[in-house]
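4 protein chains.
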Amino acid sequence: MTAKEKSPFDTNISKNRLEFLFDGIFAIAMTILVLELKLPEQIHDKRSVDELGQALLHHWRTFLSYIISFVILSGFWIGHNTLYAKLARITKAILAIHVWLLVWAAFIPFCAHLLGRYPSNPAAFAVYLSTAFAYAVGLLALIITADRQKAFDATVSAVDVRRLRRGLIRSLIGMVFLILYNVFIMPVLR
Amino acid sequence: MTAKEKSPFDTNISKNRLEFLFDGIFAIAMTILVLELKLPEQIHDKRSVDELGQALLHHWRTFLSYIISFVILSGFWIGHNTLYAKLARITKAILAIHVWLLVWAAFIPFCAHLLGRYPSNPAAFAVYLSTAFAYAVGLLALIITADRQKAFDATVSAVDVRRLRRGLIRSLIGMVFLILYNVFIMPVLR
Amino acid sequence: MTAKEKSPFDTNISKNRLEFLFDGIFAIAMTILVLELKLPEQIHDKRSVDELGQALLHHWRTFLSYIISFVILSGFWIGHNTLYAKLARITKAILAIHVWLLVWAAFIPFCAHLLGRYPSNPAAFAVYLSTAFAYAVGLLALIITADRQKAFDATVSAVDVRRLRRGLIRSLIGMVFLILYNVFIMPVLR
Amino acid sequence: MTAKEKSPFDTNISKNRLEFLFDGIFAIAMTILVLELKLPEQIHDKRSVDELGQALLHHWRTFLSYIISFVILSGFWIGHNTLYAKLARITKAILAIHVWLLVWAAFIPFCAHLLGRYPSNPAAFAVYLSTAFAYAVGLLALIITADRQKAFDATVSAVDVRRLRRGLIRSLIGMVFLILYNVFIMPVLR
Chain D
1 MTAKEKSPFD TNISKNRLEF LFDGIFAIAM TILVLELKLP EQIHDKRSVD
51 ELGQALLHHW RTFLSYIISF VILSGFWIGH NTLYAKLARI TKAILAIHVW
101 LLVWAAFIPF CAHLLGRYPS NPAAFAVYLS TAFAYAVGLL ALIITADRQK
151 AFDATVSAVD VRRLRRGLIR SLIGMVFLIL YNVFIMPVLR
Chain P
191 MTAKEKSPFD TNISKNRLEF LFDGIFAIAM TILVLELKLP EQIHDKRSVD
241 ELGQALLHHW RTFLSYIISF VILSGFWIGH NTLYAKLARI TKAILAIHVW
291 LLVWAAFIPF CAHLLGRYPS NPAAFAVYLS TAFAYAVGLL ALIITADRQK
341 AFDATVSAVD VRRLRRGLIR SLIGMVFLIL YNVFIMPVLR
Chain U
381 MTAKEKSPFD TNISKNRLEF LFDGIFAIAM TILVLELKLP EQIHDKRSVD
431 ELGQALLHHW RTFLSYIISF VILSGFWIGH NTLYAKLARI TKAILAIHVW
481 LLVWAAFIPF CAHLLGRYPS NPAAFAVYLS TAFAYAVGLL ALIITADRQK
531 AFDATVSAVD VRRLRRGLIR SLIGMVFLIL YNVFIMPVLR
Chain E
571 MTAKEKSPFD TNISKNRLEF LFDGIFAIAM TILVLELKLP EQIHDKRSVD
621 ELGQALLHHW RTFLSYIISF VILSGFWIGH NTLYAKLARI TKAILAIHVW
671 LLVWAAFIPF CAHLLGRYPS NPAAFAVYLS TAFAYAVGLL ALIITADRQK
721 AFDATVSAVD VRRLRRGLIR SLIGMVFLIL YNVFIMPVLR
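Protein chains in written order, with the numbering used here: chain D, 1 to 190; chain P, 191 to 380; chain U, 381 to 570; chain E, 571 to 760.
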């Protein structure tokens with residue numbers, strides 16, 4: 001990055017270890033989603049199948065929120081996996097973008113918790129979407145940076161990068177509309 | 191999957207990374223089981239060996255549930271390990287099945303918690319069994335898909351696959367009966 | 381184990397993946413120790429350095445318990461590391477012993493929590509020691525089994541195994557005395 | 571370390587496994603930061619965007635504390651990564667220093683929680699700084715020990731080590747002043 005003389009202690013990240021950290025954080029974020037699921041408490045007859053069954057069914061939205069968040073994080077992980085395999089080296093900028101990606105990925109369990117607690121509040125949905133938006137912005141930055149710093153390997157052509165970037169920008173615009181809709185239109189509609 | 195032209199950014203999962211994610215999620219699910227174990231609280235003489243001992247013994251079912259869930263998750267992990275070693279490649283369908291497997295594996299700590307809290311309620315047991323059932327259905331789908339997509343390596347013969355599939359289907363049928371028994375017969379028996 | 385014909389789906393664990401699971405569970409057990417540390421709550425002046433400082437110092441035993449448990453788990457991990465490096469293969473019995481080891485290693489955070497909550501209760505100390513004892517019994521079983529099944533690599537002589545086994549048995553006997561002392565002598569002494 | 575005859579069971583840590591444990595603990599510490607984030611509870615109209623939005627904004631310091639702690643842990647991890655890549659072997663002393671580093675790294679989530687709860691209390695800030703200080707002392711010990719035990723690889727010159735050591739000592743002195751300022755000057759200033 002700077003022109004000062006080269007030291008062996010210049011930041012130097014192995015692609016493998018960044019992969020470990022990334023996979024580790026995703027594995028944990030996906031698993032702690034389940035910590036948010038609360039046990040039914042207000043049960044009169046502790047042995048009643050009907051009561052416990054209904055108490056669990058009553059919280060079906062929380063369970064759905066668990067499964068959806070799990071699938072979203074899996075999707076993030078699979079997308080990153082595909083992209084990461086094409087990186088020939090990890091520059092400092094790419095490293096910094098990964099910290100950004102991980103901040104937001106690790107934040108998803110909080111969003112899932114918030115949405116599970118306030119499922120009818122558009123703000124909870126907007127927080128979730130904003131987190132996904134921040135993550136997707138990181139992905140876009142990753143693509144643009146890797147392209148500029150020529151960090152993609154030889155199998156990736158300029159056309160591939162352009163197509164991927166365009167798809168991502170389209171998703172980002174869609175997300176912005178969804179967030180604005182939830183924050184400004186939804187409260188008025190009710 | 192589709193016939194459109196090949197891009198370097200087509201979903202492409204390394205067998206190693208999926209393994210990391212899988213092992214990571216299992217390691218976490220197994221370890222957070224212990225977070226469910228509650229400390230004894232209603233102790234009058236904080237220094238009394240008898241009282242603390244009895245308070246802990248009183249919750250022996252929770253501890254047993256911890257050990258059983260740990261062993262069940264280990265069993266899932268060992269079974270998957272053996273199967274996974276025979277996969278020559280990870281197709282998109284196999285990847286999707288892995289997300290399914292992980293959703294249910296990560297859900298086991300909740301089931302363990304539920305069963306530890308309502309040990310005498312057949313519904314809690316049915317929820318646990320249903321989760322194991324959903325996981326096992328995923329395993330069956332994995333075997334059938336890997337066989338159809340010719341993703342098993344050369345050491346696996348059609349006879350091996352058939353035998354494994356038959357064993358799994360038999361377990362699934364047994365599980366269905368156990369679930370039905372817990373939901374419909376048990377409440378009547380009492 | 382049985383004499384039936386060989387199948388590609390016989391349990392077959394890669395040494396690497398068992399290592400991942402082991403390291404993963406240890407990493408998590410060591411990190412969730414910190415989840416047990418409670419924040420000081422009864423503070424009148426939220427901005428007072430003295431009050432917060434004293435509230436934290438008041439819980440020094442909990443912090444000490446955190447550090448000691450962390451170091452104990454590190455010790456377990458280092459010991460296993462050294463032993464594991466000498467295993468040439470993972471038999472089914474060795475795999476089963478690893479599940480045993482992991483059950484008790486993952487249980488240490490609960491013990492740490494219990495001891496931090498009831499530091500003056502010999503029963504809490506006995507529970508902790510019993511968990512370490514159960515882990516050490518697993519280590520002894522691992523050494524004896526690996527020796528009998530000739531799973532150690534060529535650098536390990538019969539003399540090395542005998543010496544290691546003797547040291548471990550001595551520790552186990554010491555632990556038994558400590559546990560008995562805590563359960564039977566300590567309550568009488570007071 | 572000692573002069574007694576060599577045994578195959580002398581402590582012998584693979585560089586890879588220590589790396590796994592380190593990365594695992596960092597991944598978990600970074601992810602459980604989010605467990606500290608509490609959901610807003612005192613909301614009258616559960617469906618009000620304004621109320622939930624304001625409740626979340628009210629806790630902006632907790633969210634900032636989450637992001638800062640995440641970035642600090644990332645910084646620690648990146649720094650260690652760079653250093654670790656230059657180690658040719660893991661001696662017993664280097665292993666012991668790693669346990670020290672991990673104790674303090676895993677303690678950061680507690681510090682983040684404390685600071686998020688008492689943001690205006692200089693003692694909370696001092697605890698956070700002291701933990702970072704303890705970690706940095708470990709880094710200094712790592713550099714000095716690796717240098718003395720000739721554990722750095724051939725690309726590292728004496729000049730590189732001296733420069734790194736000097737930079738670290740300067741940071742440590744700065745930290746001491748900041749801690750003293752928070753503990754002794756800040757309470758007087760108010």
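Every residue gets a Cβ at the ideal spot worked out from N, C-alpha and C, and that includes glycine. Small disclaimer: the values here were computed from a predicted structure and weren't measured.
- When secondary structure is reduced to three states using DSSP, L227(P) falls in the coil class, being assigned neither helix nor strand.
- Within the model, the alpha-carbon separation for W440(U) versus G686(E) is close to 21 angstroms.
- Excluding five sequence positions before and after K656(E), the CB atoms of its chain that fall closer than 6 angstroms to its own CB belong to F722, D723, V726, given in chain order.
- Around the C-beta of R162(D), fewer than 16 other C-beta atoms lie within 10 Å, and the residue is accordingly described as exposed.
- F216(P) carries a helical assignment under DSSP once its states are collapsed to helix, strand and coil.
- Using a Cβ distance threshold of 8 angstroms, S741(E) and I678(E) do not count as a contacting pair.
- With 16 or more other Cβ atoms inside 10 Å of its own Cβ, V673(E) counts as buried.
- Annotation for Y705(E): F646, L671, W674, A675 place their beta carbon closer than 7 angstroms to its own, counting only its chain and skipping 5 residues before and after.
- The Cβ of W647(E) sits closer than 8 angstroms to at least one Cβ of chain D.
- Cα atoms of A219(P) and L712(E): separation of roughly 33 angstroms, rounded to the nearest angstrom.
- The beta-carbon of S65(D) is placed no less than 8 angstroms from the nearest beta-carbon of chain P.
- Boundaries of the alpha helix (DSSP H) harbouring Y654(E): 630-654, taken from the DSSP string.
- At a beta-carbon threshold of 9 angstroms, the residues of chain U lying near I218(P) are G404, I405, I408, ordered along the chain.
- At a C-beta separation below 9 angstroms, L415(U) has these neighbours in chain E: I602, L605, P679, F680.
- Taken residue by residue, none of the segment 698-720 of chain E has a beta-carbon sitting less than 7 angstroms from a beta-carbon on chain D.
- Taking C-alpha positions only, M555(U) is separated from S510(U) by approximately 8 angstroms.
- Contact between A696(E) and V758(E) does not hold, since their C-beta atoms are separated by about 14 angstroms, which reaches or exceeds 8 angstroms.
- Ranked by how close their Cα comes to the Cα of I549(U), the residues I565(U), T525(U), F513(U) have F513(U) in first place.
- Among the bridge pairs identified by DSSP, F532(U) is matched with L467(U).
- Taken atom to atom, the span from the alpha-carbon of E209(P) to that of S197(P) is near 24 angstroms.
- When 7 angstroms is used as the limit between beta carbons, L164(D) is near these residues of chain P: F199, in chain order.
- Proximity of chain D to S204(P) at the Cβ level (cut-off 8 angstroms) is accounted for by N81, A85, in chain order.
- Judged by their CB atoms, L432(U) and A682(E) are not nearer to each other than the 8 angstroms cut-off.
- Take R469(U), set aside five residues on each side of it, and the residues of its chain with a beta-carbon closer than 8 angstroms to its own are K395, A531, in chain order.
- Approximately 6 angstroms separates the beta-carbon atoms of K616(E) and Y118(D); this is inside 8 angstroms, confirming the contact.
- Between the beta-carbon of L225(P) and that of I412(U) there is about 7 angstroms, and that keeps the pair under the 8 angstroms contact cut.
- DSSP, read as helix, strand or coil, puts F505(U) in helix.
- When secondary structure is reduced to three states using DSSP, Y181(D) falls in the helix class.
- Neighbours of S500(U) in chain P, taken as residues at a C-beta separation under 7 angstroms, are given in chain order as K236, R237.
- Take the alpha-carbon of L436(U) and the one of P420(U): they are about 7 angstroms apart.
- No Cβ of chain E is located within less than 8 angstroms of the beta carbon of H59(D).
- Around the beta-carbon of D23(D), 16 or more other beta-carbon atoms lie within 10 Å, marking it buried.
- The three-state reading of DSSP puts T221(P) in helix, counting H, G and I together.
- Contact annotation: R166(D) and I144(D) have beta-carbon atoms that are not nearer than 8 angstroms.
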